[in-house]
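Chains as they are written, first to last, in numbering that gives the first Met the number 0: chain Z, 0 to 358; chain D, 0 to 551. Glycine is no exception: its CB is placed at the ideal position from the N, C-alpha and C atoms. Here's the structure we're looking at; comments come further down.
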Amino acid sequence: MSHAVIIKDATKKYGDFTAVNKINLEIKKGEFFTLLGPSGCGKTTLLRMIAGFNSVDGGEIYFDDTMINNMEAHKRDIGMVFQNYAIFPHLTVSENVAYGLKAKKTPKPQIAPKVQEALDLVQIGTLKDRKPNELSGGQQQRVALARAFAIEPGVLLMDEPLSNLDAKLRVQMRSVIKKLQRRLGITTIYVTHDQEEALAISDRIAVMKNGDIMQVGTPEEIYRKPQNPFVASFIGVSNFIPATVNSTQGKDATVLLENTIPVQIPLRKAYTGKATLSARPEQLSFTTGEGMPGIIEFSVFLGDFIEYEIKLENGQTIQLNEYTKDVNEVRPDGQAVTVGFDASKVNLYADETEEVLSC
Amino acid sequence: MLKQKRRFKPDFWFWVKFAVIGIMLIFLIYPFFTLISRSFFSPKEEGLTLANYIRFFTKPYYYEALGRSLFVSITATLTTMVIGVPMAYLMTRYNIFFKKYIHIFIIMSLMSPPFIGAYSWIMLFGRAGFITNLFSGIGITLPTIYGKAGIIMVFTFKLFPYVYLYVSGAMGSIDSSLEEAAENLGSSKLRRLFTVTLPVILPSVAAGAIMVFMTSLADFGTPMLIGEGYTVLPVMVYNEYMSEIGGNANLASALSVIIVLCSTSVLLLQKHFVSKKNYTMTSMRPPQEIKLKGIKRVLTSIPVMLVTFIGILPQIVVLVTSFIKSDFTGFQGGFSLDSYITIAKRLGTNIRNTFVFSTVAIVFIIIIGLLISYVVVRQKGIAAQAMDLLIMFPYVIPGAVLGISLIVAFNKPPLLLTGTAAIMVIAYVVRKLPYTVRSGSAFLQQMDPSVEEASISLGVSPMRTFFKVTARLMAPGIFSGAILSWITCINELSSSIMLYGGKTSTISVAIYTEVVRNSYGTAAALASILTVSTVISLLIFLKVSKGKVSVV
Numbered sequence: 000m001s002h003a004v005i006i007k008d009a010t011k012k013y014g015d016f017t018a019v020n021k022i023n024l025e026i027k028k029g030e031f032f033t034l035l036g037p038s039g040c041g042k043t044t045l046l047r048m049i050a051g052f053n054s055v056d057g058g059e060i061y062f063d064d065t066m067i068n069n070m071e072a073h074k075r076d077i078g079m080v081f082q083n084y085a086i087f088p089h090l091t092v093s094e095n096v097a098y099g100l101k102a103k104k105t106p107k108p109q110i111a112p113k114v115q116e117a118l119d120l121v122q123i124g125t126l127k128d129r130k131p132n133e134l135s136g137g138q139q140q141r142v143a144l145a146r147a148f149a150i151e152p153g154v155l156l157m158d159e160p161l162s163n164l165d166a167k168l169r170v171q172m173r174s175v176i177k178k179l180q181r182r183l184g185i186t187t188i189y190v191t192h193d194q195e196e197a198l199a200i201s202d203r204i205a206v207m208k209n210g211d212i213m214q215v216g217t218p219e220e221i222y223r224k225p226q227n228p229f230v231a232s233f234i235g236v237s238n239f240i241p242a243t244v245n246s247t248q249g250k251d252a253t254v255l256l257e258n259t260i261p262v263q264i265p266l267r268k269a270y271t272g273k274a275t276l277s278a279r280p281e282q283l284s285f286t287t288g289e290g291m292p293g294i295i296e297f298s299v300f301l302g303d304f305i306e307y308e309i310k311l312e313n314g315q316t317i318q319l320n321e322y323t324k325d326v327n328e329v330r331p332d333g334q335a336v337t338v339g340f341d342a343s344k345v346n347l348y349a350d351e352t353e354e355v356l357s358c
Numbered sequence: 000m001l002k003q004k005r006r007f008k009p010d011f012w013f014w015v016k017f018a019v020i021g022i023m024l025i026f027l028i029y030p031f032f033t034l035i036s037r038s039f040f041s042p043k044e045e046g047l048t049l050a051n052y053i054r055f056f057t058k059p060y061y062y063e064a065l066g067r068s069l070f071v072s073i074t075a076t077l078t079t080m081v082i083g084v085p086m087a088y089l090m091t092r093y094n095i096f097f098k099k100y101i102h103i104f105i106i107m108s109l110m111s112p113p114f115i116g117a118y119s120w121i122m123l124f125g126r127a128g129f130i131t132n133l134f135s136g137i138g139i140t141l142p143t144i145y146g147k148a149g150i151i152m153v154f155t156f157k158l159f160p161y162v163y164l165y166v167s168g169a170m171g172s173i174d175s176s177l178e179e180a181a182e183n184l185g186s187s188k189l190r191r192l193f194t195v196t197l198p199v200i201l202p203s204v205a206a207g208a209i210m211v212f213m214t215s216l217a218d219f220g221t222p223m224l225i226g227e228g229y230t231v232l233p234v235m236v237y238n239e240y241m242s243e244i245g246g247n248a249n250l251a252s253a254l255s256v257i258i259v260l261c262s263t264s265v266l267l268l269q270k271h272f273v274s275k276k277n278y279t280m281t282s283m284r285p286p287q288e289i290k291l292k293g294i295k296r297v298l299t300s301i302p303v304m305l306v307t308f309i310g311i312l313p314q315i316v317v318l319v320t321s322f323i324k325s326d327f328t329g330f331q332g333g334f335s336l337d338s339y340i341t342i343a344k345r346l347g348t349n350i351r352n353t354f355v356f357s358t359v360a361i362v363f364i365i366i367i368g369l370l371i372s373y374v375v376v377r378q379k380g381i382a383a384q385a386m387d388l389l390i391m392f393p394y395v396i397p398g399a400v401l402g403i404s405l406i407v408a409f410n411k412p413p414l415l416l417t418g419t420a421a422i423m424v425i426a427y428v429v430r431k432l433p434y435t436v437r438s439g440s441a442f443l444q445q446m447d448p449s450v451e452e453a454s455i456s457l458g459v460s461p462m463r464t465f466f467k468v469t470a471r472l473m474a475p476g477i478f479s480g481a482i483l484s485w486i487t488c489i490n491e492l493s494s495s496i497m498l499y500g501g502k503t504s505t506i507s508v509a510i511y512t513e514v515v516r517n518s519y520g521t522a523a524a525l526a527s528i529l530t531v532s533t534v535i536s537l538l539i540f541l542k543v544s545k546g547k548v549s550v551v
């Protein structure tokens with residue numbers, strides 16, 4: 000049976016360094032949940048706390064209603080997949096998969112069919128008598144997946160399982176993992192530093208930085224409405240443009256971009272002071288109306304879209320993407336342009352608090 | 000935040016650490032501290048006294064032994080460097096003839112019992128030696144082999160492999176781009192050797208040199224056999240302790256403490272200087288072997304082969320002489336198995352003892368070594384660090400000193416062990432454990448911990464994971480190390496000669512007593528048994544370790 004995972008104020012300290020800082024999360028039963036962040040953000044530490052390989056220094060972790068803080072790792076009903084596969088080199092493929100089933104005291108006649116089923120799930124049923132050193136990296140990771148799935152764990156933990164694979168295999172394997180997880184409905188917690196992978200695979204994502212959670216949401220929420228500049232820059236590409244806001248009553252406020260160009264942006268509350276506008280390259284467009292004047296410095300034709308680097312009047316270089324299908328030609332370098340955007344789509348952050356001002 | 004109170008639950012590893020540290024405290028630390036405390040007592044005076052140390056530093060008879068010990072050790076360190084470094088350079092850079100076999104022969108000369116070297120040089124150059132007789136037949140008197148010259152000679156050819164092995168390891172890992180870079184910058188070949196290659200391998204030279212120094216400082220058998228009047232410290236410890244009249248255990252203890260202080264301070268000095276200069280290099284492109292042709296190849300190979308030949312000469316000598324007819328007056332010439340028949344009749348117990356004690360010791364070494372390797376590599380905390388330090392201890396304690404400390408600690412109830420087989424086995428386990436631990440932990444270090452975590456996450460407890468996965472994967476490392484421990488166990492002399500009793504004498508002790516009795520034929524036969532066992536074990540080691548475990 001799959002578990003829900005509830006994390007309350009979970010904390011991990013190494014001496015003075017706080018690796019995981021009072022984190023709260025509720026992961027639903029059957030959910031594919033990803034911990035995403037740069038290296039050193041505490042995502043693997045948190046995963047290992049859930050697995051039982053790191054002690055919990057503060058707070059509680061629950062599987063459904065059971066607090067598991069002090070439960071030994073081998074009693075936690077988890078399956079784990081590691082970055083370097085961690086296949087037992089002295090056992091064959093099917094012995095690797097049977098290892099956990101035997102430990103769980105599965106009746107002997109059931110082991111062989113279960114092993115076969117798990118291997119078939121990851122499409123390596125024909126390799127079952129091979130030794131690990133006869134397998135490729137991708138095949139080894141399939142064995143690791145089969146081994147973890149075979150014991151039908153309550154929670155499946157994956158620690159950067161695809162980062163040792165080459166780019167093409169990575170894309171292929173992530174859809175294998177996603178489809179399997181859907182089909183079996185196992186609660187899965189997945190750690191990665193690859194934002195594209197996180198967007199592609201997750202039901203929900205927690206973006207982490209320095210032991211804190213910066214935002215939790217669906218991939219779409221996180222991409223469209225990043226809650227702070229860190230998330231905006233870490234997920235996808237964002238242009239940050241300095242601005243000044245002077246609004247006493249929220250609503251449609253006038254924002255001075257580059258501190259000089261006035262634009263109307265709807266705000267959720269009153270704010271006066273410095274702010275930063277965050278716009279994705281595809282949210283920007285060339286306009287004949289109001290906008291930020293600039294000069295095209297460089298362009299790259301990438302087939303389905305064209306990537307422009309534009310130097311603004313404040314000296315800053317921003318990136319603008321234009322779909323090839325929407326235009327007839329690539330603009331030449333050195334052309335003077337005006338850059339505009341749909342004010343309802345971009346995000347505005349207060350500089351001091353990093354909170355979101357835009358609606 | 001709620002402070003979590005976790006009740007301490009002793010797990011499997013707690014008991015392992017408890018037991019291992021307990022064993023080390025009882026059989027290593029307690030004896031050694033008993034020895035130290037003994038050195039501050041004197042039979043002539045009441046209470047604590049510095050009398051033994053005062054006597055040591057005021058009587059030339061004693062302090063000159065320290066001088067002699069340091070002299071032979073330092074000289075041997077220099078001579079082994081002079082031979083070992085060029086050997087390593089030639090062997091790694093040039094296509095020497097029979098390179099693979101030469102490498103194995105060099106390892107063999109290192110692993111052979113130390114006193115066999117002394118014995119063989121006496122057979123050749125001693126008073127009644129073959130070569131001495133040969134030369135005196137044509138009226139030439141050779142310089143004497145006894146004394147310091149003989150000791151240094153034996154040490155040089157026995158121990159240069161330490162320098163050779165460390166340095167050739169380092170030479171092989173220098174990235175060739177480094178030397179090419181020097182060449183690019185306009186450095187001549189010779190300049191490059193002195194300004195780039197040598198400085199980079201210097202830490203390895205130092206590591207090899209320190210092994211030579213410590214081994215020669217601690218060695219008992221060689222100076223005992225070939226030193227004659229040239230008494231070095233370990234021999235003096237033995238004499239002081241063993242002599243029936245005027246033997247002084249307290250003074251022997253003080254001498255032991257002084258030896259250990261010497262070797263410890265040299266080890267610390269080396270750690271201090273070398274750790275600052277350690278260049279770690281990941282060699283992407285190890286240097287190419289230079290292919291010499293014709294006469295050049297021959298001329299380069301000859302010195303390498305000559306040194307190697309002198310190194311294994313002792314083994315050849317004992318094997319050959321063991322089959323020569325002999326009696327108490329010397330070798331009579333002609334082939335015979337008499338020596339073997341004699342030892343089978345008279346010294347069967349010694350042979351049995353050697354192999355029984357060593358086998359029992361190896362069983363303990365494998366079990367304890369496996370557990371210690373795991374704790375040292377995988378567990379954190381004070382206990383693991385303490386073990387890591389304790390395991391280094393036997394390196395600085397010469398066998399004779401360990402022997403005495405075990406005697407002074409266990410010569411009275413409740414633990415009356417002197418004269419028993421148990422005390423021999425204990426000495427072997429304590430002294431030879433480091434080989435297995437080092438090899439086992441090196442193996443484990445290369446193993447990713449996630450393999451063990453995978454097993455735990457699949458529902459197997461950490462203890463069962465250790466036996467089902469970790470121990471299985473460590474087996475080649477532990478087994479290789481255990482063979483090295485085994486080889487040094489069967490050849491162990493310095494602690495055995497302190498500890499043996501009427502029924503617990505071993506082959507190495509018998510060789511010593513046979514040589515003293517001028518019974519060279521039986522000594523040769525006994526030494527041959529050890530040599531053949533060593534060679535066979537070493538070949539198994541090379542097969543098992545596949546070059547992944549170094550003998551040094």
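Cβ of residue i within 8 Å of any chain Z Cβ
{"i": "residue 64/D", "result": "no"}
{"i": "residue 369/D", "result": "no"}
{"i": "residue 443/D", "result": "no"}
{"i": "residue 37/D", "result": "no"}
{"i": "residue 0/D", "result": "Because the pLDDT of residue 0/D is 39, which lies under 50, any placement of that residue in the model is unreliable, and the number read from its coordinates should be weighed accordingly. Yes - at least one Cβ of chain Z is within 8 Å of the one on residue 0/D."}
8 Å Cβ cut-off: residues of chain D touching residue i
{"i": "residue 146/Z", "result": "453, 457"}
Beta carbon proximity, residue i to chain D, threshold 8 Å
{"i": "residue 88/Z", "result": "yes"}
{"i": "residue 213/Z", "result": "no"}
{"i": "residue 295/Z", "result": "no"}
{"i": "residue 172/Z", "result": "no"}
{"i": "residue 98/Z", "result": "yes"}
{"i": "residue 77/Z", "result": "yes"}
{"i": "residue 150/Z", "result": "yes"}
{"i": "residue 19/Z", "result": "no"}
Beta-carbon proximity check, residue i vs residue j, cutoff 8 Å
{"i": "residue 139/Z", "j": "residue 86/Z", "result": "yes"}
{"i": "residue 121/Z", "j": "residue 147/Z", "result": "no"}
{"i": "residue 229/D", "j": "residue 116/D", "result": "no"}
{"i": "residue 435/D", "j": "residue 451/D", "result": "no"}
{"i": "residue 257/Z", "j": "residue 291/Z", "result": "yes"}
Residue i: contacting residues in chain Z (beta-carbon distance under 8 Å)
{"i": "residue 460/D", "result": "71, 73"}
{"i": "residue 471/D", "result": "89"}
Partner residues on chain D for residue i, Cβ-Cβ distance less than 7 Å
{"i": "residue 83/Z", "result": "447, 449"}
{"i": "residue 52/Z", "result": "452"}
Interface partners of residue i on chain D, CB under 9 Å
{"i": "residue 103/Z", "result": "457, 458"}
{"i": "residue 0/Z", "result": "Result: empty, since nearest Cβ-Cβ is about 15 Å, beyond 9 Å."}
Within chain Z, partners of residue i - CB distance below 7 Å
{"i": "residue 552/D", "result": "Summary: the structure shown does not reach residue 552/D, with chain D confined to residues 0 through 551, and so no result is reported for it."}
{"i": "residue 468/D", "result": "87"}
What are the complete alpha helix (DSSP H) segments, minimum 4 residues, inside the segment 193–241 of chain D?
You should have 197–217, 220–225, 232–241.
Can we say the segment 331–345 of chain D touches the segment 130–141 of chain D, given the rule of at least three CB pairs closer than 8 Å?
Between the segment 331–345 of chain D and the segment 130–141 of chain D there are fewer than three C-beta pairs closer than 8 Å, too few to call the two in contact.
Touch check for the segment 10–27 of chain D and the segment 284–298 of chain Z: three-plus C-beta pairs under 8 Å?
Touching, no.
At least three beta-carbon pairs within less than 8 Å, the segment 473–488 of chain D to the segment 524–538 of chain D
Proximity of the segment 473–488 of chain D to the segment 524–538 of chain D meets the contact definition, three or more beta-carbon pairs being nearer than 8 Å.
Tell me whether the segment 454–472 of chain D and the segment 72–90 of chain Z touch, counting them as touching only if at least three CB pairs, one residue from each stretch, are closer than 8 Å.
The segment 454–472 of chain D and the segment 72–90 of chain Z touch, with no fewer than 3 CB-CB distances between them shorter than 8 Å.
If you pair each beta-carbon of the segment 203–213 of chain Z with each one of the segment 25–45 of chain Z, do three or more pairs fall below 8 Å?
Cβ pair count under 8 Å is three or more, so yes.
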